[in-house]
Structures are given as C-alpha cells and as structure tokens.
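Working notes, beginning with the structure itself.
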Amino acid sequence: MTNTVLTTPYRSAGRPEVIFVVERLDCLAADQLGLDPVELRRRNMIPGGCTALRNPLGLTYDSGDYTAAMDTALTLGDWAAS
Numbered sequence: 004m005t006n007t008v009l010t011t012p013y014r015s016a017g018r019p020e021v022i023f024v025v026e027r028l029d030c031l032a033a034d035q036l037g038l039d040p041v042e043l044r045r046r047n048m049i050p051g052g053c054t055a056l057r058n059p060l061g062l063t064y065d066s067g068d069y070t071a072a073m074d075t076a077l078t079l080g081d082w083a084a085s
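Residue numbers for the sequence shown follow the numbering used here, so the first one is 4 and each next one is one higher.
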C-alpha cells in the first residue's frame with residue numbers, strides 16, 4: 004500500500020519521451036512524403052468496425068473508432084485554423 008500518487012499519466016518511466024519521438028517521426032515522415040501529418044495518421048489507423056484485430060505483438064484491439072476520436076480531437080484543437 005502506498006500514500007503516493009502516480010507522477011505521469013503513462014505506465015512506466017520513459018513512456019512520455021518515447022511517445023514524443025514516435026509522434027515527431029510521424030511528422031517528419033509526413034513532411035518527406037509531402038503529406039499533411041493528419042493524413043499520414045489516417046492512412047495508418049485501424050479502420051472502424053474491425054473487431055478482435057491482433058497486432059504483431061499479440062495484443063488484441065477489441066473495439067474503437069479511432070478515426071472519430073481523431074476527428075473530435077482535431078475539432079476541439081481547432082486544427083483547421085492552424
């Protein structure tokens with residue numbers, strides 16, 4: 004038992020730094036391909052309606068509408084104005 008709280012929203016040390024690098028690499032790849040970073044991410048998303056999709060690490064995505072989630076984030080972040 005502990006009286007302390009987590010210090011990051013991610014589980015494990017180093018995760019925020021790894022996510023930053025992955026997101027930055029996505030942006031650099033989009034730039035080199037002449038694509039909007041959002042378009043590159045859309046091309047690599049799991050399509051809606053896919054159920055029980057197993058990734059190469061053996062983890063199963065059982066549900067999710069990732070495109071809708073990204074559209075919501077883009078709207079809330081006013082991406083069109085940037």
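Where is the CB? At the ideal position from N, CA and C, for every residue including glycine. For clarity, every value in this text was computed on a predicted model and none was experimentally measured.
| Check | Outcome |
| --- | --- |
| Among Ala33, Ala83 and Met48, which residue has its Cα nearest to the Cα of Asp68? | Met48 |
| Taking Cβ positions, are Cys53 and Pro40 nearer each other than 8 Å? | no |
| Can you tell me whether Thr63 is helix, strand or coil according to DSSP? | strand |
| Please work out which residues of its chain come closer than 8 Å, Cβ to Cβ, to Thr70, disregarding the five sequence neighbours upstream and downstream, and give them in chain order. | Arg45, Met48, Pro50 and Gly51 |
| Please state the DSSP three-state secondary structure of Leu38. | coil |
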